[in-house]
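Residue numbers (this note's numbering), protein chains in the order written: chain B, 1 to 282; chain P, 283 to 392.
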């Protein structure tokens, strides 16, 4: 039963953390009107995961296992693209917010941005939600009587615990100044995107489409085991794995510096405009 | 350079990784049954590109997972998934069913 709780916690954590970042960001940046989009994305994903769980025991409805995996890799890369765009506009937004926040209670977001928020929430929740549903569904099928109830309760408890973990994590963020808050959430989202990219690369390697180049570059299992709570937390947040292949590392060290550079460019292009605005205000 | 251009470059770099795929695959069948993995231990030569064909013969979804092989795959009942591992050094690489953790096995690379 404890095992059920732990598995459900681990599977739900990534979804809870990603949704948590989005909600915390929107609340703090005075864009509360966008919050329902995150919830709608999450809810739709939960329903979709449940629907997939329901048909999971009907073998005829299955896509080929490897095709499913390829599809998942494709969704991951798409999510990385949307998240990348989101990080850039959030960064562009955040800069101007400092003073505007006091003037405007709420800021309306363009439709494309709202949809991207819903889409990221959907992918995060669906990805992990489907695994949780399949796992719990299996528990239910194996014990088709009342003895399954404590296990299902433990599973739901694990998912609740994941939400609590994310909530506790982001509570710590309220102590950050607005400026630092935007920087930290930006970096976190960037690492989440890098983690999703690495997961997608890992899937393509597992499917035999990509070479790992070097199967295991190092092992940090002595420091943080993949199955430890910290390992699970880091895996959920930034895609931590103790024995990465060179191909995965390359994806990471290509994406992160490129994004940091792109964010820096946003700052650089804004600086003159801000100076001009300050001059005209004075 | 615009962010979009940098993304295109990143993607091109990723595709470049696809180049170094070895020629010959060794296929190793592996079944997941109620009692556990069958066989519980499988073997492969060091450095080879190995295609594990994992079949779920149980009635519910399983997750083939290995921290040591850096792989995880949810496999639905009755389905077979190909899980590639390649370029492994000699050693013992453990795997398990993450959804039913009493099921454990290992890949012996010599």
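Ideal placement from N, C-alpha and C gives every residue a C-beta, glycine not left out.
### Query
Hey, quick one: how far does the beta strand (DSSP E) through residue 373 of chain P stretch, first residue to last?
373–379
### Query
Is the shortest distance between the beta-carbon of residue 363 of chain P and the beta-carbons of chain B less than 7 Å?
yes
### Query
Within 7 Å (strictly less), CB to CB, does residue 375 of chain P reach chain B?
no
#### Entry: Endpoints, beta strand (DSSP E) assigned at residue 224 of chain B
Per DSSP, residue 224 of chain B belongs to no beta strand (DSSP E) and is neither H nor E.
### Query
So, is the C-beta of residue 342 of chain P closer than 7 Å to a C-beta in chain B?
yes
### For residue 312 of chain P, three-class secondary structure by DSSP
strand
### Query
residue 151 of chain B: buried (16+ other C-beta within 10 angstroms of its C-beta) or exposed?
buried
### Message
What does the alpha-carbon distance come out to for the pair residue 324 of chain P and residue 318 of chain P?
### Response
13 Å
### Task
Taking all protein chains shown into account, decide if residue 384 of chain P is buried (16 or more other Cβ within 10 angstroms of its Cβ) or exposed.
exposed
### Query
Relative to the alpha-carbon of residue 250 of chain P, which residue among B:174, B:236, B:208, B:25 has its alpha-carbon at the smallest distance?
The structure shown does not extend to residue 250 of chain P, since chain P is modelled only from 283 through 392, so no value can be given for it.
### Query
How should residue 218 of chain B be labelled, buried or exposed, when 16 other C-beta atoms within 10 angstroms of its C-beta is the threshold for buried?
exposed
### Cβ-heavy atom distance, residue 167 of chain B to the ligand FAD, below 6 Å
By its list of ligands, the structure shown contains no ligand whatsoever, and the ligand FAD lies outside what it can speak to.
#### Entry: Extent of the continuous alpha helix (DSSP H) to which residue 346 of chain P belongs
No alpha helix (DSSP H) holds residue 346 of chain P; the beta strand (DSSP E) holding it covers 344–348.
### Message
So that I know if they touch, is there some Cβ in chain P lying closer than 7 Å to that of residue 241 of chain B?
### Response
yes
### Task
Throw me the rounded Cβ distance for the residue 29 of chain B and residue 94 of chain B pair, which I believe falls under 8 Å.
6 Å
### Message
Taking 8 Å as the cut-off, does the segment 168–185 of chain B touch the segment 195–208 of chain B (at least 3 CB pairs, one atom from each stretch)?
### Response
no
### Message
Looking at residue 153 of chain B: is its Cβ nearer than 7 Å to the Cβ of residue 41 of chain B?
### Response
no
### Task
May I ask you to report which of helix, strand or coil DSSP gives residue 365 of chain P?
strand
### Task
Can you tell me which of the three DSSP states residue 332 of chain P falls into?
strand
### Query
Excluding sequence positions up to five away, which residues of its chain have a Cβ less than 6 Å from the Cβ of residue 334 of chain P?
310, 312, 365
### Task
Provide the residue span of the beta strand (DSSP E) that contains residue 157 of chain B, from first to last.
That residue, residue 157 of chain B, is in no beta strand (DSSP E); its alpha helix (DSSP H) goes 149–171.
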